[in-house]
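A.B. asks: Okay, handing you the structure first.
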Amino acid sequence: MTELSALSAVPSGARDAVLKFYFGPMDCGKSTLALQMNYNHARQGRRGLVLTKHDRSGGPRVTSRIGLGRDAIEVEDSLDLVRLVTSYGQVDYLICDEACFYRVEQIEQLADLVDEHGVDVYAFGLASDFRSVMFPAAQRLFELADEVCRLQVEVLCWCGRPGQLNARVVGGVLVRTGEQVVIGDTGDAPVRYQVLCRRHHRSGELGEGTPAAR
Ligand SMILES: [Zn+2]
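Per our numbering, the sequence shown starts with residue 21, numbered consecutively.
Here you go:
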């Protein structure tokens, strides 16, 4: 009989799978943490898939602002995540970057994968949009996740206060109406996003000489 100790491998089936949601504003290191999490699990021989939607690279990749990156599966609106994962055979965990942009049904599919298929799901994303209103997928994650974590890497507004909100800036002006998801440029008005504190998100002051966020 194998002697168990604190260093023994965890027997499979010894615990329930988990759904965790890590959220924070732009630039707080979500994609970096997603890639680190994938590395840590893969290194222990666990089999995982990396998913994303609307990555900053414009392609099916998870890329971080500090230069890391890897290929990923793009979560199209029509993608059934349960069918996707079960088609791969044994999958131990999922890394779901930009989960705020998934459809609500797809978040429910993630919960199915946790409960019915024993897959650990680590989701990363924004909580709220440029109006400071929660994304529907993020709301569903708050409702369903076993654990919700606000990422601690602090992003600062130009004034030095903690940045909590993502502002959409069109032609140099903060806008408060429009489509919930706008990636990159639209038409001839360049769109960018900037993290602001609540006070400056409300006032619309963007600061002087703030480097343009992508
Ligand atoms: Zn501020």
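C-beta atoms are modelled at their ideal positions from N, C-alpha and C, and glycine is treated no differently. Here the structure is a predicted model, which is why all the values come from computation and not from measurement.
Would you mind sorting Phe121 into buried or exposed? The rule is 16 or more other CB atoms within 10 Å of its CB.
C.D. replies: With 16 or more other Cβ atoms within 10 Å, it is buried.
A.B. asks: Shortest alpha-carbon distance to Gly145 belongs to which of His74, Leu226, Leu101 and Gln64?
C.D. replies: The option with the nearest alpha carbon to Gly145 is His74.
A.B. asks: Quick one: complete alpha helix (DSSP H) runs, 4+ long, within the stretch 119-164?
C.D. replies: Counting only runs of 4 or more, we get 124-137 and 156-164.
A.B. asks: Can you find the residues in the same chain that come closer than 6 Å, C-beta to C-beta, to Leu226, ignoring five residues on each side of it along the sequence?
C.D. replies: Around Leu226: no qualifying Cβ.
A.B. asks: How is Arg188 classed by DSSP in three states: helix, strand or coil?
C.D. replies: The answer is strand: DSSP assigns Arg188 an E or B state.
A.B. asks: Helix, strand or coil, according to DSSP, for Val70 in the structure here?
C.D. replies: Reduced to three states, the DSSP call for Val70 is strand.
A.B. asks: Can you tell me which of the three DSSP states Leu59 falls into?
C.D. replies: Per the sequence shown, residue 59 should be read as Tyr rather than Leu. Note: Tyr59 maps to helix in three-state DSSP.
A.B. asks: Across which residues does DSSP place Arg170 in a beta bridge pair?
C.D. replies: For Arg170, which the question treats as bridged, DSSP gives the partners Phe43.
A.B. asks: Could you tell me the alpha carbon to alpha carbon distance between Arg212 and Val189, rounded to whole angstroms?
C.D. replies: C-alpha separation (whole angstroms): 5 Å.
A.B. asks: Secondary structure at Arg222, three-state DSSP: helix, strand or coil?
C.D. replies: Residue state, collapsed to three classes: helix.
A.B. asks: If you measure from each residue's Cβ to the nearest non-hydrogen atom of ligand 1, which ones come out under 5 Å, in chain order?
C.D. replies: The filter returns Cys177, Cys179, Arg181, Cys217 and His220, in chain order.
A.B. asks: How big is the Cα-Cα spacing for Ala143 and Ile127?
C.D. replies: Computed Cα separation, rounded: 9 Å.
A.B. asks: Just curious, the beta strand (DSSP E) that Thr83 is in, first and last residue?
C.D. replies: Arg81 to Thr83 is the span of the beta strand (DSSP E), which, as asked, contains Thr83.
A.B. asks: Quick one: measure Cβ to Cβ for Leu39 and Ala157, integer angstroms, because I've assumed they're closer than 8 Å.
C.D. replies: That belief does not hold up - the Cβ atoms of Leu39 and Ala157 are roughly 13 Å apart, past 8 Å.
A.B. asks: Could you give the distance in angstroms between the alpha-carbon of Cys179 and the alpha-carbon of His220?
C.D. replies: The straight-line gap from Cα to Cα measures roughly 9 Å.
A.B. asks: Under three-state DSSP, which class holds Val102?
C.D. replies: Helix, per DSSP.
A.B. asks: Touching or not, the stretch 60-71 and the stretch 84-101, by the rule of three or more beta carbon pairs under 8 Å?
C.D. replies: Yes: at least three Cβ pairs fall under 8 Å.
A.B. asks: Compute the distance between the beta-carbons of Cys217 and Cys177, then report whether it is under 8 Å.
C.D. replies: It is a contact, given that the beta carbons lie within the stated cut-off.
A.B. asks: Where does Ala210 land, buried or exposed, given buried means 16+ other C-beta within 10 angstroms?
C.D. replies: Residue identity differs from the one stated: residue 210 is Pro in this sequence, not Ala. Per the 10 Å Cβ criterion, exposed.
A.B. asks: For Arg181, which residues from the same chain have a beta carbon less than 6 Å from its beta carbon, with the 5 sequence-adjacent residues on both sides left out?
C.D. replies: Excluding positions up to five away in sequence, the list reads Cys217.
A.B. asks: Within its chain, find whatever has a CB closer than 7 Å to the CB of Met21; leave out the 5 residues flanking it on each side and keep chain order.
C.D. replies: Unreliable placement is indicated for Met21, whose pLDDT of 46 sits below 50; no coordinate value is reported for it.
A.B. asks: Given Asp36, which residues of its chain have a CB within under 6 Å of its CB, disregarding the five upstream and five downstream residues?
C.D. replies: Hits under 6 Å: none found.
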